[in-house]
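Numbering (UniProt numbering), first residue to last: 1 to 386. As structure tokens, the structure follows; a few thoughts come after it.
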């Protein structure tokens with residue numbers, strides 16, 4: 001069986017042309033000297049890492065960012081030669097693997113540096129130094145910590161410090177007070193760095209929200225994450241709409257069974273839904289094992305360009321909807337995307353689940369084939385089960 005074959009009608013379609021469009025939109029807004037780093041962590045936010053990485057580089061992105069070393073190595077083994085940064089923590093004993101594959105790692109601990117140097121061979125390790133200016137995840141928190149890390153870096157020629165970066169926690173919100181506090185912390189630590197480090201390094205402090213809302217920031221490059229996929233990082237930024245975006249991800253299936261149910265009949269586990277009158281019920285072959293979780297009971301899907309509600313509890317592999325009429329087996333059902341003049345967006349699904357749109361494509365499991373398209377034409381299929 002082939003990797004590019006699938007045997008079910010539940011698929012996620014990824015429009016690579018939209019990825020390219022979104023990158024071009026940001027490039028037009030940025031200062032000319034600012035480059036774009038395409039963030040393709042978490043399987044490109046559920047879209048498909050290798051395919052999105054190639055599309056992003058084709059559209060003008062100069063580098064890639066991931067969260068863990070395994071993700072970076074997958075890109076290298078796919079033949080991608082562009083610069084790659086691992087933004088999360090990597091075990092010091094794996095530093096040699098990163099160096100051998102020309103992958104830059106994030107550093108922020110002096111003890112990590114002391115441990116990692118013992119594992120390095122002949123290849124120097126590229127590093128990006130992370131400053132924690134208020135995100136509270138990882139990074140050098142104080143000037144004194146920064147000094148300790150720089151001291152270790154200075155005495156070890158196997159380390160090559162390439163960049164400094166931070167992450168703004170509230171760049172997508174209307175209130176800029178905390179953003180300004182983080183900026184002040186960054187300025188303090190960066191001033192110390194310039195006084196104590198002779199070599200030039202690159203700077204990247206801007207995520208999707210910052211790069212769109214404050215394009216005049218003089219970063220060497222920006223990290224383009226959620227908005228590369230056509231989603232705004234928050235409702236506030238969506239209302240501002242600093243650039244036009246096209247969603248790249250859609251999810252669809254087909255009706256596999258349609259039946260007429262009498263009044264007083266119950267649907268699915270726990271009998272949580274009971275018909276009040278005679279109703280048409282359709283079954284969709286997709287469930288929480290595919291990432292369409294049980295909390296989506298009561299959400300809507302599109303059939304024949306019309307909204308139809310999910311009724312009864314969502315099962316592991318199937319769920320049911322109430323239809324406005326009888327439809328043929330094989331009728332398309334859109335869970336995320338457009339049908340006619342109707343659209344169900346990732347934002348709508350996120351609102352139903354009381355979460356953020358980032359989570360929606362990420363939660364669609366690898367059991368669902370990814371079908372990659374360019375201008376609506378299928379160019380590649382990835383089925384992780386075969």
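We put the CB at the ideal spot given by N, CA and C, even for glycine. Just so you know, these numbers come straight off a predicted model, no measurement behind them.
DSSP state of residue i mapped onto helix, strand, coil
{"i": "residue 173", "result": "coil"}
{"i": "residue 112", "result": "helix"}
{"i": "residue 284", "result": "strand"}
{"i": "residue 378", "result": "strand"}
{"i": "residue 390", "result": "Nothing about residue 390 can be read from this structure; the chain reaches only from 1 to 386."}
{"i": "residue 363", "result": "helix"}
{"i": "residue 161", "result": "strand"}
{"i": "residue 88", "result": "coil"}
{"i": "residue 1", "result": "Because residue 1 carries a pLDDT of 42, less than 50, the predicted location of this residue cannot be relied on, and no value is offered for it."}
{"i": "residue 303", "result": "strand"}
{"i": "residue 342", "result": "strand"}
{"i": "residue 323", "result": "strand"}
{"i": "residue 335", "result": "strand"}
{"i": "residue 168", "result": "coil"}
{"i": "residue 10", "result": "coil"}
{"i": "residue 201", "result": "coil"}
{"i": "residue 76", "result": "helix"}
{"i": "residue 314", "result": "coil"}
{"i": "residue 65", "result": "strand"}
{"i": "residue 246", "result": "coil"}
{"i": "residue 309", "result": "strand"}
{"i": "residue 192", "result": "helix"}
{"i": "residue 216", "result": "coil"}
{"i": "residue 210", "result": "helix"}
CB contact flag (residue i, residue j, <8 Å)
{"i": "residue 234", "j": "residue 222", "result": "no"}
{"i": "residue 215", "j": "residue 30", "result": "yes"}
{"i": "residue 238", "j": "residue 229", "result": "no"}
{"i": "residue 306", "j": "residue 342", "result": "yes"}
{"i": "residue 253", "j": "residue 152", "result": "no"}
{"i": "residue 281", "j": "residue 363", "result": "no"}
{"i": "residue 40", "j": "residue 64", "result": "yes"}
{"i": "residue 315", "j": "residue 268", "result": "yes"}
{"i": "residue 45", "j": "residue 226", "result": "yes"}
{"i": "residue 181", "j": "residue 134", "result": "yes"}
{"i": "residue 158", "j": "residue 117", "result": "yes"}
{"i": "residue 301", "j": "residue 255", "result": "no"}
{"i": "residue 248", "j": "residue 19", "result": "yes"}
{"i": "residue 199", "j": "residue 150", "result": "no"}
{"i": "residue 23", "j": "residue 224", "result": "yes"}
{"i": "residue 259", "j": "residue 278", "result": "no"}
{"i": "residue 52", "j": "residue 78", "result": "no"}
{"i": "residue 92", "j": "residue 115", "result": "yes"}
{"i": "residue 155", "j": "residue 110", "result": "no"}
{"i": "residue 337", "j": "residue 250", "result": "yes"}
{"i": "residue 174", "j": "residue 257", "result": "no"}
Spatially closest choice to residue i from the options, by CA coordinates
{"i": "residue 38", "options": "254, 60 and 250", "result": "60"}
{"i": "residue 344", "options": "242, 379, 308 and 80", "result": "308"}
{"i": "residue 82", "options": "71, 68, 54 and 91", "result": "54"}
{"i": "residue 208", "options": "165, 117, 16 and 36", "result": "36"}
{"i": "residue 42", "options": "33, 68 and 34", "result": "68"}
{"i": "residue 283", "options": "306, 270, 263 and 328", "result": "328"}
{"i": "residue 318", "options": "291, 74, 182 and 271", "result": "291"}
{"i": "residue 384", "options": "375, 378 and 366", "result": "366"}
{"i": "residue 211", "options": "194, 167 and 247", "result": "167"}
{"i": "residue 241", "options": "7, 25 and 278", "result": "25"}
{"i": "residue 323", "options": "289, 275, 349 and 313", "result": "275"}
{"i": "residue 203", "options": "378, 219, 213 and 196", "result": "219"}
{"i": "residue 123", "options": "113, 112 and 95", "result": "95"}
Rounded straight-line distance, which links the Cα of residue j to that of residue i
{"i": "residue 108", "j": "residue 331", "result": "53 Å"}
{"i": "residue 1", "j": "residue 373", "result": "Unreliable placement is indicated for residue 1, whose pLDDT of 42 sits below 50; the coordinate value is still reported in the next sentence. Spanning the two alpha carbons is a distance of roughly 22 Å."}
{"i": "residue 164", "j": "residue 192", "result": "12 Å"}
{"i": "residue 380", "j": "residue 14", "result": "10 Å"}
{"i": "residue 298", "j": "residue 120", "result": "54 Å"}
{"i": "residue 33", "j": "residue 100", "result": "30 Å"}
{"i": "residue 370", "j": "residue 321", "result": "24 Å"}
{"i": "residue 170", "j": "residue 179", "result": "6 Å"}
{"i": "residue 137", "j": "residue 90", "result": "14 Å"}
{"i": "residue 80", "j": "residue 311", "result": "45 Å"}
{"i": "residue 303", "j": "residue 357", "result": "23 Å"}
{"i": "residue 183", "j": "residue 172", "result": "15 Å"}
{"i": "residue 88", "j": "residue 313", "result": "37 Å"}
{"i": "residue 354", "j": "residue 325", "result": "31 Å"}
{"i": "residue 139", "j": "residue 264", "result": "59 Å"}
{"i": "residue 340", "j": "residue 4", "result": "29 Å"}
Proximity test, residue i beta-carbon vs the ligand COA heavy atom, cut-off 7 Å
{"i": "residue 22", "result": "The ligand COA is not part of this structure, which contains no ligands at all."}
CB contact below 8 Å: residue i versus chain D
{"i": "residue 192", "result": "Annotation note: the requested chain D is absent from the structure, which comprises a single protein chain."}
Inset, instruction - Assess, as a yes-or-no matter, whether the stretch 96-113 is touched by the stretch 128-144 under the definition of 3 or more beta carbon pairs within less than 8 Å. - result: yes
Inset, instruction - Decide yes or no for the touch test of the stretch 185-204 against the stretch 140-154: beta carbon pairs closer than 8 Å, at least 3 of them. - result: yes
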